[in-house]
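Worksheet for the structure shown next.
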């Protein structure tokens, strides 16, 4: 039956020939991992990514972002055509809805699971105050596609990245967003900040990796040794360990 098939998948390394991964989220314990990608790809791991289980998302187009609570009990996935998927412990109980027609690029759920920010095409920023289906728009002031979003635990300080080297920051939970100079015109796909809110990283096209040590006021380029499209970046709370997900299913 299906349980045997899942167990077989659990014993395998990541299968070859998978669609490209577009986002990865690692729980606080470093063991629970979720990854999403092209053609509705949705994978989970309970051993830090050594082995993966392929989940049935019921979606055939791209899933571009995933975020979950620190304990891994609840999370959200976003994707093309305004898709939002809420998932629980089992991951088999998926609730899908489409609040907007615009393709979505990234999602961040706060550590308490009480609110979330979602970004997308044409400068779209959505805020969900209670993680229910009520989404309100925040003014980004841009028309560039936005692809990544990250907030600190205070739910006030946050950053958004996107096309043409776009970086925005807020100190008031997104009521006001201000542009920052990234120093690049390459598309930025993901942004992440350590808990103290001063050290941060952004990754993007052509192997771009940017670092800041002053809360995002100034950014400097790092040598990634790659020209690939880097899709997502994630660091441990203290900024000592990091992961980058890229095209071709690479983590």
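Residue numbers (this note's numbering): 109 to 359. Note that the Cβ used here is the ideal one computed from N, Cα and C, for glycine as well.
(1) Could you tell me whether the Cβ atoms of residue 204 and residue 193 are closer together than 8 Å?
(2) With distances taken Cα to Cα, identify the nearest neighbour of residue 226 among 195, 267, 261 and 196.
(3) Beta strand (DSSP E) containing residue 187: first to last residue?
(4) What does a CB cutoff of less than 8 Å around residue 119 pick up in its chain, not counting 5 residues either side in sequence?
(5) Contact between the stretch 267-278 and the stretch 242-258: three or more CB pairs below 8 Å?
(6) Could you check which residue in 265, 334 and 138 has the C-alpha nearest to that of residue 286?
(7) Go through the stretch 237-317 residue by residue and report every complete run of the beta strand (DSSP E) that reaches 3 residues or more, in order.
(8) How many Å lie between residue 325 and residue 284 at the Cα?
(9) From the DSSP output, in three-state form, read off residue 148 for me.
(10) Considering residue 191, what are the terminal residues of the beta strand (DSSP E) in which it resides?
(11) Specify the secondary structure class of residue 349 as computed by DSSP and reduced to three states.
This is what the structure gives:
(1) Taking 8 Å as the Cβ cut-off, residue 204 and residue 193 qualify as a contacting pair.
(2) Out of 195, 267, 261 and 196, 267 has the C-alpha closest to the C-alpha of residue 226.
(3) Per DSSP, residue 187 belongs to the beta strand (DSSP E) from 183-187.
(4) Its pLDDT being 37, under 50, residue 119 is placed unreliably in this model, and the coordinates cannot settle the point.
(5) Because the criterion of three Cβ pairs below 8 Å is met, the stretch 267-278 and the stretch 242-258 touch.
(6) Per the C-alpha coordinates, the member of 265, 334 and 138 positioned closest to residue 286 is 265.
(7) For the beta strand (DSSP E) assignment, the uninterrupted runs of no fewer than 3 residues enclosed by the stretch 237-317 are, from N- to C-terminal side, 244-246, 254-259, 266-270, 275-278, 286-288, 296-301 and 308-312.
(8) For residue 325 and residue 284, the distance between alpha carbons rounds to 16 Å.
(9) In the three-state DSSP reduction, residue 148 falls in the helix class (H, G or I).
(10) Element bounds for residue 191: n/a, residue is neither H nor E.
(11) Coil, per DSSP.
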